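See structure below.
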Amino acid sequence: MPVFDLHCHSTASDGVLPPELLVARAHEQGVDVLALTDHDETSGLAAAAERARELGIELVNGVEISITWGGQTVHIVGLRVDTRHPGLLGGLAANRQGRADRALLMAEALAGAGIDGALEGAYRFASNKGLIGRTHFARFLVEEGHVKDVKTVFKKYLVKGKPGFVHHEWASLQQAVEWIHAAGGLAVLAHPGRYSMGKEKLRLLMAEFRDLGGEAIEVATGSHTPDQVPLFAAYAREYGLLASVGSDFHAPGEGGRELGRRLELPADCRPVWHNW
Ligand code: AMP
Ligand code: MN
Ligand code: MN
Ligand code: MN
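According to this note's numbering, the sequence shown holds residues -18 to 257 in order.
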């Protein structure tokens, strides 16, 4: 059985490995089919595809789009997208501009909490200056010695209710699904078990996503606990959605899951790649 890993990040967004090294690492880890899914960005895909051809691993063009739904941030992965589609490119560019605007406000908020220089500091950690995110701020705060690791920075500074958190209105669920479909791709609700919403709201999200034509939800992901895997497999069946898998790998040694690890789907799932 080939190993699929359909969610990970490079330096084009908030990962730490350049696309070509990410692909090489996936190959070493035994991944056969890899989707690179950078946040709101597709610029890493060309270099990833070239390295994948050299190594004989299959590269899927992916992206992870930030949306706002029900007042909360949710992530929608697009798989097998045409990265030249103007509708998709325009939408992603708007989200990236939103990230730049939010970064200014985050730096102001952190300055108010006594942390100066966060804007320049975060951008130093962003290889792609056109794509700034909370993880870049987190790495800066760790470097400054404010907090011991990235996970703790999020908990203490960067989530709702904490001093560096800034609400942002991303694209809508409908827009993200439309952009992905216009670009010929499949829409996947990313790590559904990670959102802090109750069961009823989560059900509304899955139903609306399905009604908008969304194809799949992530079942086996680095963001799910072991008992969430069968739970979301059951939701996928109930809502008539396909099942996807992805490590959500960002960086060696930052605490996330390694590429290609523990991504087996329960036997009764229909994989998102069933007809690839
Ligand atoms: P952003 O899209 O810029 O708001 O940042 C979201 C990213 O922050 C996610 O893709 C993760 O890489 C990272 N992240 C979110 N929450 C946490 C957390 N609790 N610990 C570590 N990283 C996190
Ligand atoms: Mn990320
Ligand atoms: Mn995500
Ligand atoms: Mn991700």
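Each residue gets a CB set at the ideal place from its N, CA and C atoms; glycine is no exception.
Computed from a prediction, not measured in an experiment: that's the story for all the values here.
In chain order, Val210, Val226, Leu244, Leu246 place their CB closer than 6 Å to the CB of Ala201, counting only its own chain and leaving out the 5 sequence neighbours on each side.
Nearest neighbour of Asp229 by Cα position, chosen from Glu39, Glu189, His172, Gly194, turns out to be His172. With respect to Tyr138, Ala188 sits apart: the two C-beta atoms are not nearer than 8 Å. Residue pairing by DSSP leaves Ala92 without any beta bridge partner. Taking every residue with its beta carbon within less than 7 Å of a heavy atom belonging to ligand 4 gives, in chain order, His(-12), His(-10), Thr18, His20, Glu45, His56, Ala171, Asp229. Contact check for Ala119 against Val134 passes: the beta carbons are separated by less than 8 Å.
Counting along the chain, the unbroken beta strand (DSSP E) around Thr54 starts and ends at 53 to 60. Ranked by how close their Cα comes to the Cα of Leu223, the residues Gly234, Arg191, Ala232 have Arg191 in first place. DSSP places Trp160 in the uninterrupted alpha helix (DSSP H) bounded by 154 to 163. Those residues whose C-beta sits under 6 Å from the nearest heavy atom of ligand 1 are, from N- to C-terminal order along the chain, Asp(-5), His20, Ser47, Gly114, Arg115, Thr116, Val131, Lys132, Phe135, His231. Ser(-6) has its alpha-carbon roughly 9 Å from the corresponding atom of His231. Within the segment 182 to 238, the complete beta strand (DSSP E) runs of at least 3 residues fall at 197 to 202, 223 to 227.
Following the DSSP letters along the chain, one finds Ala99 inside the alpha helix (DSSP H) bounded by residues 99 to 105. About 14 Å separates the Cβ atoms of Thr23 and His(-12), ruling out a contact at the 8 Å cut-off. Cα atoms of Ala81 and Asp21: separation of roughly 12 Å, rounded to the nearest angstrom. If you ignore the 5 residues before and after Leu112, its C-beta comes within less than 7 Å of the C-beta of Ala(-7), Ser(-6), His20, Asp21, Glu22, Arg77, Arg80, all in its own chain and listed in chain order. Remark: fewer than three beta-carbon pairs, one from each stretch, lie closer than 8 Å, so the segment -3 to 8 and the segment 85 to 104 are not flagged as touching. Per the C-alpha coordinates, the member of Leu170, Asp208, Ala5 positioned closest to Val55 is Leu170. Straight across, the Cα-Cα distance linking His66 with Gly72 is about 10 Å. Your pair Trp151 and Thr49 checks out as a contact, with CB atoms roughly 5 Å apart and the cut at 8 Å.
Put simply, the backbone Cα of Arg218 is about 7 Å away from that of Cys250.
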